[in-house]
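Protein chains: 2
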Amino acid sequence: MVKARIWTLAKQPVGIPRKEDFSCIEKEVSECKNGDVIVEAEYLSVDPYMCFMAKKVPFGTPMIGTQVSRVIESKNPDLPVGSYVVAQAGWCTHARLPAKSFQIDNWFKRSEILIPLEPLPRSLGLGVIGMPGNTAYFGLLEVCKPKAGETVLVNAAAGAVGSTVVQIAKLKGCKVIAFAGSDEKVAWLKELGADHAYNYKTTSVTDCLSEAAPEKINCYFDNVGGKFTADVLPHMADYGRVAVCGSISNYTNDDHSDPYCDPVVKAKKLHIEGLNVNRWSDWTQGLEQMKEWVLEGKVKYRETVYEGFEKMPEAFIGLFSGDNIGKAVVKA
Amino acid sequence: MVKARIWTLAKQPVGIPRKEDFSCIEKEVSECKNGDVIVEAEYLSVDPYMCFMAKKVPFGTPMIGTQVSRVIESKNPDLPVGSYVVAQAGWCTHARLPAKSFQIDNWFKRSEILIPLEPLPRSLGLGVIGMPGNTAYFGLLEVCKPKAGETVLVNAAAGAVGSTVVQIAKLKGCKVIAFAGSDEKVAWLKELGADHAYNYKTTSVTDCLSEAAPEKINCYFDNVGGKFTADVLPHMADYGRVAVCGSISNYTNDDHSDPYCDPVVKAKKLHIEGLNVNRWSDWTQGLEQMKEWVLEGKVKYRETVYEGFEKMPEAFIGLFSGDNIGKAVVKA
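Each protein sequence line maps, in turn, to chains A and B.
In this text, residue positions in the first sequence follow full-length UniProt numbering: the first is 1, and each later residue adds one.
In this text, residue positions in the second sequence follow full-length UniProt numbering: the first is 1, and each later residue adds one.
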């Protein structure tokens, strides 16, 4: 019998999550029957969306999430022992995945076979060649539709999604303005090719944009929302496109009262679109493109790796204080 | 010499405009020279957008606005005495319009020849067969893109734009939910074919939508913004479309702090687009379609007519307390 450690919600987070909100339990993994596999986590993902989810479920619920895991027991000929999957198994060290979990429609429950990543690290299946990479890829290209010569603004730009958006926007011939929360992050963004990069903690968004974008912003890839967005909208160009990808400022703000300034939306004929990466069915095509760009050196990535399954809450909480550069993952 | 009476801003409005914010002056209209016409106002328009504009210009500025006016003196062969125009002449009884004012690109300065409306009243050139009609026509059809069988929500639905949106949505085979601010307005909306109509002053938007749209809302034509919109967004269907046409709640709210709830925009992959009717170049085609529908009895309209140029401020202020049903105009 395989024993799994599982992080559950001890209480529903209020504001920024704290360690006390999480509790680690042990549980036996149920038997591997016809079509099932048992997997062991190698890397586990922490992502900002988990905060939004955690505030919506009862305490006691296992935390949801994705992991790159290795098949250690198999009754499924398509998934022999030693193969790797991207499993929607939650914050756990071990799990049983029935065959149907690779077929179901619900994105938050569907596991997938990991696309071959060698010689790259498998952890990238949670980052630049995974959900965050595809979010940047589809979100920028299909929602913002940037044209060469246009100006693209990205916030939380040193994160897993933002750092990829910066680079894809440059690949498409755009001028890129990026915001992040430390001077170290800003320095990295300049290495990645951002034309302007600012530390939002030590500058005024309004002043920075007046300086960096007198021509106004055509595409705004928004990971933050709230006041940041209210400050940005007046700097948008007519017919500007806003991809509402994340709103990390609202995930921890329980009244969700931060503004989109709707007179500006109207006056500038802005086009604002919510972006959930699960809408695109050509998922693997996105991953293959990201892998190609990474292998060609056109897209660079960083990871913040926490060692040990017990670090899950710490890694997760770090997202909201900006501890990570690039993708945050936990090595089990 | 022709003398014009002109309403100017005596002070910049704070919150809802008051009579003291306006001042009526007299001024001689300058000489009618080569290519010019002198016009006399027959009907003058008051529209909510004027509040947003008034808060942005210095006091002393003549109020901007559109009027249906008659040419009373002409040095322009295209515009003989007795012809009618939709003039961007502001809140004034008489004005000189140079030939170039019929050609310039700036929508807020361009005058146009009135399309033939007989046997309909000329005042409709400011309403259902004018800017508000075209706003409803293009905004609903090109921004919301409603499909037959979908559910459309409209607020400020008894106004010039809203009442037209209700009817076009019904013509396109949609289910329509409408909100307005009095029981009399609600009764009229039901006459116009709204499947559900509510008085937002005596009901809860959230409760009404739970009842009327368990299938969720595909198209939201928003004239109000602010809290109304924050209450609506959770009731939107995935891939719902929001046309941000007006935000009357924000025109009088000087901090513009009312929310769009961006986690919802993301989660539901909403598509929110600002709508300024001046973006559509096939303007006359819109007017001709509206006229046809009115003549066929497919689109009905109401007007609230104030008698006398001196009533301009009163008519305008009435927009923000919901005094008017349908289009508010002033008969000079």
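All residues carry an ideal CB built from backbone N, CA and C; glycine is no exception.
Minimum Cα-Cα distance from B/K298 among the listed residues B/P214, B/V186, B/Q167 corresponds to B/Q167. Following the DSSP letters along the chain, one finds A/W7 inside the beta strand (DSSP E) bounded by residues 3 to 9. Per the DSSP secondary-structure output, B/D222 pairs in a beta bridge with B/V244.
Inclusion of B/K201 and B/G181 in the CB contact set at 8 angstroms is warranted, their separation being smaller than that value. Going by C-alpha positions, A/G65 is about 11 angstroms away from A/P48.
By the criterion of at least three beta-carbon pairs nearer than 8 angstroms, the region 79 to 94 of chain B is not in contact with the region 310 to 330 of chain A. About 6 angstroms separates the Cβ atoms of A/T8 and A/T61, confirming a contact at the 8 angstroms cut-off. For B/A178, the closest of B/L153, B/K172, B/L171 by C-alpha to C-alpha distance is B/L153. The DSSP assignment places 283 to 295 as complete runs of the alpha helix (DSSP H) inside the region 269 to 310 of chain B, in order along the chain (cut-off: 4 residues). Taken through DSSP and simplified to helix, strand or coil, A/Y200 comes out as coil.
In the same chain as B/E20, and ignoring 5 residues on each side of it, the C-beta atoms closer than 8 angstroms to its own belong to A10, K11, in chain order.
By the neighbour-count criterion, in which 16 or more other beta carbons inside 10 Å mark a residue as buried, B/S30 falls on the exposed side. Under the three-pair Cβ rule at 8 angstroms, the region 30 to 43 of chain B counts as touching the region 119 to 126 of chain B. In the DSSP annotation of this structure, the continuous segment of the beta strand (DSSP E) that includes B/F22 starts and ends at 22 to 28. Pairwise C-beta distances place the region 168 to 177 of chain A out of contact with the region 235 to 249 of chain A, as fewer than three of them are shorter than 8 angstroms. For B/T206, the enclosing alpha helix (DSSP H) begins and ends at 205 to 212. In this structure, the CA atom of B/V205 is about 13 angstroms from the CA atom of B/D222. By DSSP's assignment, A/V81 forms no beta bridge with any residue. Looking only at A/S111, A/K147, A/G240, A/T304, the smallest Cα-Cα distance to A/A158 is reached by A/T304. Sequence-distant Cβ neighbours of B/F102 in its own chain, meaning closer than 6 angstroms and more than five residues away, are S111. The three-state secondary structure of B/F179, taken from DSSP, is strand.
The C-alpha of B/A328 is placed about 8 angstroms away from the C-alpha of B/Y306. Per the DSSP secondary-structure output, B/P313 pairs with nothing in a beta bridge.
The alpha-carbon of A/V14 is positioned some 8 angstroms away from that of A/K55. Take the alpha-carbon of A/A95 and the one of A/G139: they are about 31 angstroms apart. Distances from the alpha-carbon of B/K33 to those of B/K100, B/S210, B/C144, B/L270 put B/K100 closest. Scanning its chain for C-beta atoms nearer than 7 angstroms, with the 5 sequence neighbours on each side dropped, one finds around A/I72 the residues I38, V39, E40, V81, in chain order.
Taking 8 angstroms as the cut-off, the beta carbon of B/A230 is found no closer than this to the beta carbon of B/E273. Of B/E211, B/Q67, B/I317, B/V161, the smallest CA-CA separation from B/F52 is found for B/I317.
As computed with DSSP, B/Y239 is found in no beta bridge at all. For A/L171, the uninterrupted alpha helix (DSSP H) run begins and ends at 160 to 171, by DSSP.
As computed with DSSP, B/Y43 is found in a beta bridge with B/V68, B/K331.
Here the C-alpha atom of B/T284 lies approximately 16 angstroms from the C-alpha atom of B/I104. Within the same chain, A178, V186, L189, K190 come within 6 angstroms of A/A197 by CB-CB distance, once the 5 residues on both sides are set aside. When C-alpha distances from B/K291 are compared across B/V85, B/F108, B/L114, B/D195, the shortest belongs to B/L114.
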